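Single-structure report; data block below.
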Amino acid sequence: MFFQKDIETMKRKDIEALQLERLKYTVKYCYDNVPFYRKRLSEAGVLPEKIKTLKDIRYIPYTTKTDIRDNYPYGLFAVPLEKIVRIHASSGTTGKPTVVGYTKNDLNMWSDAVARIAASVGVNSGDIAQISFGYGLFTGALGLHCGLEKLGVAIVPISSGNTDKQLMVMQDFRTSVLIATPSYALYLAEQMKAKGIDPKSLSLRIGMFGSEPSTLKMRDEIEANLGVFATDNYGLSEVCGPGISGDCEFRDGQHIAEDYFLPEIIDGETGEVLEEGQEGEIVFTTLCKEGIPLLRYRTRDLSSLTYEPCKCGRTHVRMQRVHSRSDDMLKIRGVNVFPTQVESVLAEIPDVASHYRMIVTRDGYMDRLEILVELVNASLLERYKELEALHDRIKGRLRSVLGLDVSVKLVEPNSIERCQGKTKHVIDKRENG
Amino acid sequence: MSIYQVSVFVENKKGRLADIAKVLADNNINIRALSIADTTNFGILRLIVDDPQKAEAALKANNFTVSLTHVIAIEIPDVAGGLLQALEVLNSENISIEYMYAFIDSTEGKAAVVMRVEDRKAAADLLDKHGFKTIEG
Chain A
192 MFFQKDIETM KRKDIEALQL ERLKYTVKYC YDNVPFYRKR LSEAGVLPEK IKTLKDIRYI
252 PYTTKTDIRD NYPYGLFAVP LEKIVRIHAS SGTTGKPTVV GYTKNDLNMW SDAVARIAAS
312 VGVNSGDIAQ ISFGYGLFTG ALGLHCGLEK LGVAIVPISS GNTDKQLMVM QDFRTSVLIA
372 TPSYALYLAE QMKAKGIDPK SLSLRIGMFG SEPSTLKMRD EIEANLGVFA TDNYGLSEVC
432 GPGISGDCEF RDGQHIAEDY FLPEIIDGET GEVLEEGQEG EIVFTTLCKE GIPLLRYRTR
492 DLSSLTYEPC KCGRTHVRMQ RVHSRSDDML KIRGVNVFPT QVESVLAEIP DVASHYRMIV
552 TRDGYMDRLE ILVELVNASL LERYKELEAL HDRIKGRLRS VLGLDVSVKL VEPNSIERCQ
612 GKTKHVIDKR ENG
Chain B
47 MSIYQVSVFV ENKKGRLADI AKVLADNNIN IRALSIADTT NFGILRLIVD DPQKAEAALK
107 ANNFTVSLTH VIAIEIPDVA GGLLQALEVL NSENISIEYM YAFIDSTEGK AAVVMRVEDR
167 KAAADLLDKH GFKTIEG
């Protein structure tokens with residue numbers, strides 16, 4: 192099923208012509224309206240007129256998350272605030288989030304992109320969609336919400352948490368589409384089993400999962416235990432949110448909305464652009480965004496592209512599922528976690544060393560983060576409860592800074608391995624695939 | 047009226063207690079009593095040794111987190127009800143014990159109890175008044 196068949200099945204050369212026209216426009220738009228880009232482009236000697244073919248995009252310097260953060264909160268906005276109708280944000284490393292703003296046209300474009308990925312996995316206006324993403328600054332819930340609404344789907348905006356209520360609503364409201372993180376979907380399946388709810392007695396038929404990397408094994412597990420057609424979609428808030436790409440019925444790579452986003456794959460180390468099929472960091476240039484247009488934004492997500500025609504009839508390029516990131520950022524139960532956030536918490540607590548280690552594991556389908564911290568203040572040994580209090584204080588601070596429950600383990604001083612040069616703070620034991 | 051106790055932070059890790067015992071043995075330090083309390087994550091080993099300052103220095107040199115504190119140690123008769131008498135004395139004055147452990151002095155045939163209380167001096171005076179002999183460290 193298509194939402195905008197004419198666009199989704201455009202001929203390759205027509206897509207490229209449209210992209211070139213929009214790229215030229217976007218570069219000039221950035222140059223004219225965002226001082227940051229004017230300076231960047233001028234320094235690189237790239238005046239907007241220099242963009243004559245799609246390949247000329249390679250002259251443009253990359254934009255990074257740090258650039259967005261350095262211009263916190265509104266520095267990269269290309270329109271005055273009265274044109275902005277929505278503001279979202281994602282978690283940042285130093286407590287300051289990455290802020291993105293949307294104009295009316297941006298929301299319209301975004302909801303089109305989401306409506307396409309929903310239609311492409313078979314969602315239609317007869318469906319009832321339960322959105323179990325947390326509503327808020329996070330783009331996931333409202334992104335899906337607006338796109339599904341555009342498709343005419345009845346939305347149940349239940350948000351995250353309260354599993355009993357989720358299950359009650361799923362049964363009583365006859366939910367047919369579940370929107371969640373894959374790990375939460377599996378958790379729901381487990382709870383259903385524990386409560387003796389037979390998935391066959393439900394109306395669930397499609398799951399649209401995203402916001403955290405997942406494996407094919409998880410997808411199979413969800414299908415087996417929840418009785419849904421499990422699909423993945425991809426997005427990141429800086430570029431717009433969910434809807435950048437999504438599975439079609441064949442689930443052989445996620446189609447990128449190429450009329451809105453121009454993807455490239457680069458070597459994360461050298462910045463060199465890679466060929467079709469090669470794996471590297473995926474980079475996006477937005478082609479229609481007004482609020483916060485991005486030129487060659489480095490996502491840090493690793494993927495590869497294929498322009499081969501897809502059996503579904505869509506001509507838009509497909510990206511392979513993202514299974515890891517090229518820098519230190521961790522996604523734990525859908526939450527972005529940076530080692531620097533942990534450092535900032537530990538720096539405030541004199542009883543422990545600043546050296547630490549983060550260990551990520553997957554217990555069943557739930558991600559777990561354990562943080563090893565070295566105890567240095569011996570005077571806390573006199574009473575057991577002081578050590579317990581220290582443990583609880585660290586855990587509490589981490590919970591409020593990371594927005595995540597972590598386990599904290601106090602260890603002996605100098606027991607965490609030190610390396611020469613760049614220290615390895617993170618050990619991710621989760622299985623990727 | 048009081049005695050030094052050595053407290054050592056111990057991770058729940060195979061062989062850690064043996065590592066501590068080795069440091070003490072290598073430095074010719076004799077352990078007279080010990081107690082260990084643990085959770086799933088970590089433990090605190092408390093030791094009464096013949097040379098607490100030396101033990102502290104040796105363990106610190108081996109990267110252990112160590113502290114030296116005063117605790118009360120009293121002699122109690124090594125007979126049924128021996129401990130009860132001491133506890134009743136403390137109880138009568140509402141002195142609560144945070145933790146305690148015992149050992150037997152092999153030469154004298156007497157039992158000794160090490161205890162950690164909030165107000166060490168008040169507890170020691172009280173025990174002294176009731177005729178309990180405190181052990182000097």
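So the sequences go chain by chain: A and B. Quick note: the first sequence uses this note's numbering, first residue 192, plus one each step. Quick note: the second sequence uses this note's numbering, first residue 47, plus one each step. Using N, Cα and C, we set each Cβ at its ideal position, and we do this for glycine too. Source: prediction; values computed, not measured.
Between the alpha carbons of B:Gly-89 and B:Glu-57 lies a gap of roughly 6 Å. Judged by DSSP in its simplified three-state form, A:Phe-400 adopts strand. Around B:Ile-90, the beta-carbon contacts reaching into chain A at under 8 Å are Leu-572, Tyr-575 and Leu-578. Taken in chain order, the members of the segment 105-121 of chain B whose beta-carbon sits within less than 8 Å of a beta-carbon on chain A are Asn-109, Phe-110, Thr-111, Val-112, Ser-113 and Thr-115.
Taken in chain order, the unbroken stretches of beta strand (DSSP E) that lie wholly in the segment 416-492 of chain A and span 3 residues or more are 420-427, 432-437, 445-447, 452-457 and 471-477. Burial check for A:Pro-271: the Cβ neighbour count within 10 Å stays below 16, so the residue is exposed. Here DSSP, grouped into helix, strand and coil, assigns B:Asp-84 to strand. Identification of residues in the segment 49-61 of chain B having a C-beta nearer than 8 Å to some C-beta of chain A yields Ser-53, Val-54, Phe-55, Val-56 and Glu-57, given in sequence order. For A:His-582, the uninterrupted alpha helix (DSSP H) run begins and ends at 575-593, by DSSP. Annotation: A:Ser-350 has no Cβ neighbours in chain B at a cutoff of 8 Å; minimum Cβ distance is about 34 Å. By the CB criterion at 8 Å, A:Met-549 and A:Pro-530 fall inside the cutoff.
Considered as a whole, the segment 508-571 of chain A harbours 521-523, 526-528, 543-554 and 557-566 as its complete beta strand (DSSP E) runs of no fewer than 3 residues, in chain order. Proximity of chain A to B:Asn-87 at the Cβ level (cut-off 7 Å) is accounted for by Lys-600 and Leu-601, in chain order. Counting only unbroken stretches of 3 or more residues, the beta strand (DSSP E) elements lying wholly within the segment 301-369 of chain A are 319-322 and 345-347, in sequence order. The beta-carbon of A:Val-567 is placed less than 8 Å from the nearest beta-carbon of chain B. Contact between B:Thr-115 and A:Glu-573 holds, with the beta-carbon distance rounding to 5 Å and staying under 8 Å.
Scanning its chain for C-beta atoms nearer than 6 Å, with the 5 sequence neighbours on each side dropped, one finds around A:Ser-494 the residues Ile-473, Met-510, Gln-511 and Val-513, in chain order. For B:Val-69, the three-state secondary structure derived from DSSP is helix. Annotation: the segment 95-177 of chain B contains the following complete segments of the alpha helix (DSSP H) (minimum length 4 residues), in chain order: 98-107, 128-138 and 166-175. The beta carbon of B:Ala-83 sits closer than 8 Å to some beta carbon of chain A.
Your pair A:Gly-437 and A:Gly-334 does not check out as a contact, with CB atoms roughly 11 Å apart and the cut at 8 Å. Counting every other CB atom within 10 Å of its CB across the protein chains shown gives B:His-176 a total below 16, marking it as exposed. The closest CA to that of A:Arg-621, considering only A:Lys-576, A:Tyr-220, A:Gly-587 and A:Asp-554, is found on A:Asp-554.
A:Val-312 is positioned such that its CB atom lies closer than 8 Å to that of A:Cys-439. Here the segment 61-69 of chain B does not lie against the segment 571-586 of chain A, with fewer than 3 beta-carbon pairs under 8 Å apart.
Of B:Asn-109, B:Ala-119, B:Thr-111 and B:Ala-83, the smallest CA-CA separation from B:Val-95 is found for B:Ala-119. Taking 8 Å as the cut-off, the beta carbon of A:Glu-467 is found no closer than this to the beta carbon of A:His-507.
Boundaries of the alpha helix (DSSP H) harbouring A:Leu-379: 373-385, taken from the DSSP string. For B:Glu-139, the closest Cβ of chain A is not nearer than 8 Å. Of the other Cβ atoms in all chains shown, fewer than 16 fall within 10 Å of the Cβ of A:Pro-226; this residue is therefore exposed. Closest by C-alpha distance to A:Ile-259, out of A:Gly-317, A:Glu-429, A:Gln-445 and A:Arg-487, is A:Glu-429. Residue burial annotation: B:Asn-74 is exposed, with fewer than 16 other C-beta atoms found within 10 angstroms of its C-beta. Any Cβ of chain B closer than 8 Å to the Cβ of A:Asn-353 would place that residue at the interface, and such an atom is absent.
DSSP places A:Arg-277 inside the beta strand (DSSP E), whose first and last residues are 275-281.
Looking at A:Ile-523, A:Lys-502, A:Glu-608 and A:Val-567, the one whose alpha-carbon comes closest to that of A:Ser-598 is A:Ile-523.
Residue contact with chain B for A:Asn-224: absent (no Cβ-Cβ distance below 8 Å to any residue of chain B).
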